[in-house]
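Take 2 as the starting number for the sequence shown in my numbering and just add one per residue. Note that beta-carbon positions come from the ideal geometry of N, C-alpha and C, so glycine has one too. Computed from a prediction, not measured in an experiment: that's the story for all the values here.
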Amino acid sequence: MVGDGTVKMVTTDGHRLAFIEKQEAIDGTMDSLIPKKALVELTKIARDSDGEVSFGEDPNHIYFEVDGRLLITRKLSGTFPNYEMVIPKGNDKTATFDAEEMKAAIRRVSLMADERTRSVKLLIKSGEIEISSQAAEEGEANEVISAEYQGEEVALGFNSAYLQDFLNIVSGTEAEAAQATENEGETVKVKDGRLRLAFDFKDSNAQTLIRMANDTVYDYKYIVMPLRI
């Protein structure tokens, strides 16, 4: 979606939603459904490029150009769900933590998660997040990471695979991007050069919004449906 000085992308599979927005001065507007496969190919093409990605459209196709290489894909038909209704507005609690610490803890704890639900429990309490999982036959796992949070204890349940997908994407590369942005003179909140994430939540039954706690050049939100724990 392009318009009003912003570029937005959103995707969902019904259980989770990812949204990204960047301020960009682009003439014209666009609102199109793009196949995932096309964006995967575009990522491969653009990975080693330092230049800009140009794009345009006709009634049936979208065109991307990177360093003289052209990618053409057909648009998808249909209506995308109203994603703005999915993004939670009433989350009044926030816990902030180190992205790499959470990624490592989730990876280890998920080894003992139930094979069917892949569920992990995050008990958020003052100064820390306790991450645990349990499988009837294999056993249980428990880890604690530090966090910036003051308030009542809240237990959140997630599919560990959904959390890992997000953490694998944002950790590491985003810290580097944030540091690069800081070197260019923009304000970036990076603690000890490491990326920090934030959980915005209300209670155990509401959707949790996960975002980068750092001030970056774009707004990235990830919403995950809760699991009963």
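Requested in this report: List the DSSP bridge partners of Met213.
Outcome: Answer is Leu198, bridged to Met213.
Query raised in the report: Should Asp49 be labelled buried (16 or more other beta-carbon atoms within 10 Å of its own) or exposed?
Result: With a threshold of 16 other beta carbon atoms within 10 Å, Asp49 falls short and is exposed.
Query raised in the report: Is Ser147 near Phe202, with beta carbons less than 9 Å apart?
Result: Between Ser147 and Phe202, the C-beta spacing is not below 9 Å.
Query raised in the report: Are the beta-carbon atoms belonging to Leu72 and Phe65 less than 9 Å from one another?
Result: Yes, the pair counts as a contact, with Cβ atoms nearer than the cut-off.
Requested in this report: For the beta strand (DSSP E) containing Ile170, list its first residue and its last residue.
Outcome: Here Ile170 belongs to no beta strand (DSSP E); instead the alpha helix (DSSP H) covers Ser161 to Val171.
Query raised in the report: DSSP puts Thr13 in a beta bridge; with which residues?
Result: Note: Thr13 sits in a beta bridge opposite Leu18.
Query raised in the report: Closest to Ser120 by CA distance: which of Gln135, His16 and Asn92 is it?
Result: Comparing alpha carbon positions, the residue from Gln135, His16 and Asn92 closest to Ser120 is Gln135.
Query raised in the report: In its own chain, which residues sit with a C-beta less than 6 Å from the C-beta of Glu25, not counting the 5 before and 5 after it?
Result: Taken in chain order, the residues that qualify are Val8.
**Report entry** For Lys76, three-class secondary structure by DSSP
**Finding:** Three-state DSSP puts Lys76 in coil, outside helix and strand.
Query - Between the CA atoms of Gly29 and Val3 - distance to the nearest angstrom - result: Distance between the alpha carbons of Val3 and Gly29: 7 Å.
Query - Stretch-stretch touch, CB-based, cutoff 8 Å, three pairs: the stretch 84 to 94 with the stretch 37 to 53 - result: Too few Cβ pairs lie closer than 8 Å, so no.
Query - Three-way DSSP call (helix, strand, coil) for Arg70 in this model - result: In this structure, Arg70 counts as strand in the three-state DSSP scheme.
Requested in this report: Quick one: grab the DSSP three-state call for Met103.
Outcome: For Met103, the secondary structure class from DSSP, reduced to helix, strand or coil, is helix.
Query raised in the report: Once you ignore the five residues that flank Leu124 on each side, which residues in its own chain have a CB closer than 6 Å to its CB?
Result: Residues of the same chain with a CB within less than 6 Å of the CB of Leu124, apart from the 5 flanking positions on each side, are Glu131 and Ala156 in chain order.
Query raised in the report: Near Met226, which residues of its chain fall below 7 Å by C-beta distance, leaving aside the five closest residues on each side in sequence?
Result: Correct list, in chain order: His16, Arg17 and Gln208.
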